[in-house]
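J.: Quick note: to get our numbering, add 247 to the position in the sequence shown (first position is 1).
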Amino acid sequence: MNKSEKFLAKWNRYRKYGKVKYILIFGVLLESLYVLLFMTLIFPMVDYNFNFQYYSWLTFIKNATIGVIIGPIIGFITSYTQWNYNEDRYATIMSHSKKL
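1) Answer yes or no: do residue 275 and residue 317 have a C-beta to C-beta separation smaller than 8 Å?
2) When we look at the beta-carbon of residue 249 and count the other beta-carbons within 10 Å, is it buried (16 or more) or exposed?
3) Return the residue from the list 255, 325, 285, 277 that minimises the CA-CA distance to residue 313.
4) Do residue 321 and residue 278 have their C-beta atoms closer together than 8 Å?
5) Using C-beta distances below 8 Å, list every residue in its chain close to residue 280, excluding the 5 sequence neighbours before and after it, in chain order.
6) Among the residues of its own chain, which have a CB less than 8 Å from the CB of residue 347, if the five just before and after it don't count?
Below is the structure:
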């Protein structure tokens, strides 16, 4: 069993058990957490003079809402494009291995 056959078996096992779906969900959650932390903690604390201060609870709630909306969208886009890149890479590896 050469490397490409092992890779094919592993990839088919991933697809069979739906692990690709879990990879996408994990990417969405991770990116959502990152955007939420940025929108709620880092972004409002820096004013133009780079003094760290927090403005108000209203700003916190507004930025948290924006982070909750934007985070999953960005997470899904980044995870899905990464998954498509790996899918294309897999197809390229398999096409080259068949030529050999």
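All residues carry an ideal CB built from backbone N, CA and C; glycine is no exception.
T.: Let me lay it out:
1) Within the sequence shown, numbered from 1, the residue matching residue 275 stands at position 28. Within the sequence shown, numbered from 1, the residue matching residue 317 stands at position 70. The answer is no: Cβ separation not under 8 Å.
2) Mapped onto the sequence shown, residue 249 falls at position 2. It counts as exposed.
3) As a first step, residue 313 is located in the sequence shown; it is residue number 66 there, counting from the start. Selected option, being the one with the closest Cα: 285.
4) By 1-based counting over the sequence shown, the position of residue 321 is 74. By 1-based counting over the sequence shown, the position of residue 278 is 31. Yes; because the gap between Cβ atoms is below 8 Å, this pair is in contact.
5) Here residue 280 is taken as the residue at index 33 of the sequence shown, counted from 1. Closer than 8 Å at Cβ, skipping near neighbours: 318.
6) By 1-based counting over the sequence shown, the position of residue 347 is 100. Legend: pLDDT at residue 347 = 49, less than 50; position of this residue unreliable, value from coordinates given subsequently. Counting only Cβ-Cβ distances below 8 Å, and skipping sequence neighbours, we find nothing.
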